[in-house]
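For the sequence shown, UniProt numbering gives the first residue as 1, with consecutive numbering after it.
Just so it is clear, CB atoms sit at the ideal spot from N, CA and C, and this is done for glycine as well.
This structure is a prediction, so every number in the text was calculated from the model and none was measured.
Notes follow once the structure below has been shown.
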Amino acid sequence: MQITKIETSIAESIMPGLLLVRIHTSEGVVGCGETYYAPHAVAAMIHDWMSHYLMGKNPLDIEAHWRFLYERATNFGSRGTELRAISAIDLALWDIFGKVTSQPVWQLLGGCVQESIRTYNSCGGPSYGGTTEKESKHTWPGYGSVGNQGPLNDYWSAVNEPVELARSLLSEGYQALKVWTLDFAAHKTNGPLHITHEDITRALEPFQKIRDALGSNIELIIDGHGFFQLAPALRIAKRLQEYDILWAEDLLRIDCVDTLSDFRSKAGIPVAVSEMFNGPDDFRLALEKRAADFVMIDPTWVGGISQTRNITRLAQFYNIPVVMHDCTGPLTLLNGVHVAASSNNVAWQESLRAHLRILYPQLIDTPIEVEAGRIKIPQKPGLGVAWLPELFTPGTNQYRATTLT
């Protein structure tokens, strides 16, 4: 069996930051992958460089392909476009492996440990990753639009109707929610060296209202999107202590692990790091320096299923639980779910109701099932879903293809 064709597509009318990938084999098996951010650059990396190695290779030699592409990319830096491209390829190859063996990927990773994965709702809306509102700023992390009141716009609700939002989530079985209500303060000064008490009070008002109305019936998480330096991050953390949060995520930049460790030792709250890490050594160093209470992995930024599995196992050696990031596409979510299903060290999978119900049905052929706040693990071979074929129509969606002949 050989790799005979690689296709990429960008569904700009649905999720313009998402790169869709399909890898075809000589036996007619097609594997699906994805990654997120700068999709045109990643597509160029795949077609103009990586495809020259992959064409004609056995798609089941996943580890060999991962190591070759990663090691050759380190000659000129592997931490951005290159690693996202490898992630998308790796995901598609695992999908092929599952389909060839008629097994779901979680079975290939060691079998079922969790039959469903606990998920929390990240309070974004359909405009955060999509194009349903003109003010959507999907291209800049941490600048998603609050949007307007409307169906499943949980970002707007988190700011304006947090108690009603929490009650809605509880009624569906969700046990935790995450907000991004600190972003506005950072936007004021393009990344502040200082945050006022007034702005902290405004940012944490949703937590205050939820705790006043619902007590501790729902877990609370906050994401700082890496906007703050140490001093303002500690000021925020001090105020967060009264809300008994599940964790605070990326309150400060991840450039210096020693600073992250210093922050965790002083914060007095659980700390999660970091979707912004994109190499296994980043996670190793953070664990060695005791910079994390939770390790957060974005599967299609760190290297796909292969590296997500490795980092999850690494964290387990330190007795630090893993949480999977996904504010992006459906296959990133499923990458996390398959690894979580085969591990007892994954505590939570992030998801957005708006993506699950509005955006993902426009992209994949099988719904991702959530019941009582838990994601059911797929039972079909491979990842369990496939891209809708119409998304790969030549002449549309920035479609590109590289073939063996």
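Item: CA-to-CA distance, G336 to residue 445, given in whole angstroms; Value: Given a span of 1 to 405 for the chain in the structure shown, any question on residue 445 remains unanswerable.
Item: Secondary structure, beta strand (DSSP E): runs of 3+ residues fully inside the region 228-268; Value: 247-249
Item: Counterpart residues of C32 in DSSP-defined beta bridges; Value: R22
Item: W180 - containing beta strand (DSSP E), residue span; Value: Run containing W180: none; DSSP gives neither H nor E here.
Item: Short Cβ contact (9 angstroms threshold) for S274 with T312; Value: no
Item: Strand pairing of P104, partner residues [DSSP]; Value: G382
Item: Assigned secondary structure, L334 (DSSP; H/G/I helix, E/B strand, else coil); Value: helix
Item: Spatial distance of E115 from A315 (CA atoms); Value: 21 angstroms
Item: For K5: DSSP bridge partner residues; Value: H24 and T403
Item: Residue(s) in a DSSP beta bridge with A294; Value: The question names Ala, yet the displayed sequence has Phe at residue 294. Looking at the DSSP assignment, F294 forms a beta bridge with A272.
Item: Three-way DSSP call (helix, strand, coil) for residue 418 in this model; Value: Look at the range of the chain in this structure, 1 to 405, and you will see that residue 418 is not part of it.
Item: Given 8 angstroms, three or more beta-carbon pairs between the region 38-54 and the region 80-92; Value: yes
Item: Buried versus exposed call for A213 [16 or more other C-beta atoms within 10 Å across all chains shown]; Value: exposed
Item: For W49, three-class secondary structure by DSSP; Value: helix
Item: In DSSP terms, what L220 is bridged to; Value: L177
Item: Burial state of N160, where buried means 16 or more other Cβ atoms lie within 10 Å; Value: exposed
Item: In DSSP terms, what N121 is bridged to; Value: L177 and S351
Item: CA-to-CA distance, A185 to L391, given in whole angstroms; Value: 38 angstroms
Item: Assigned exposure category for L18 - 16 Cβ within 10 Å defines buried; Value: buried
Item: Residues that DSSP places opposite M324 in a beta bridge; Value: I297 and Q349
Item: Cβ neighbours of I6 in the same chain (closer than 6 angstroms, five flanking residues each side left out); Value: I23, S51 and T402
Item: Where I14 falls: helix, strand or coil (DSSP); Value: coil
Item: Close-in-space but distant-in-sequence residues of the same chain around A38 (CB under 7 angstroms, 5 per side omitted); Value: T81
Item: Endpoints, beta strand (DSSP E) assigned at I375; Value: R374 to K376
Item: Local Cβ density within 10 Å of E34, reported as buried at 16 or more and exposed below that; Value: buried
Item: Three-way DSSP call (helix, strand, coil) for W387 in this model; Value: strand
Item: Where S78 falls: helix, strand or coil (DSSP); Value: coil
Item: Under the three-state DSSP convention, the category S116 falls into; Value: strand
Item: Cβ-based burial, L165 [other Cβ within 10 Å; buried from 16]; Value: buried
Item: Beta-ladder partner(s) of N339, from DSSP; Value: The question names Asn, but residue 339 in the sequence shown is Val. Per DSSP, none; premise fails for V339.
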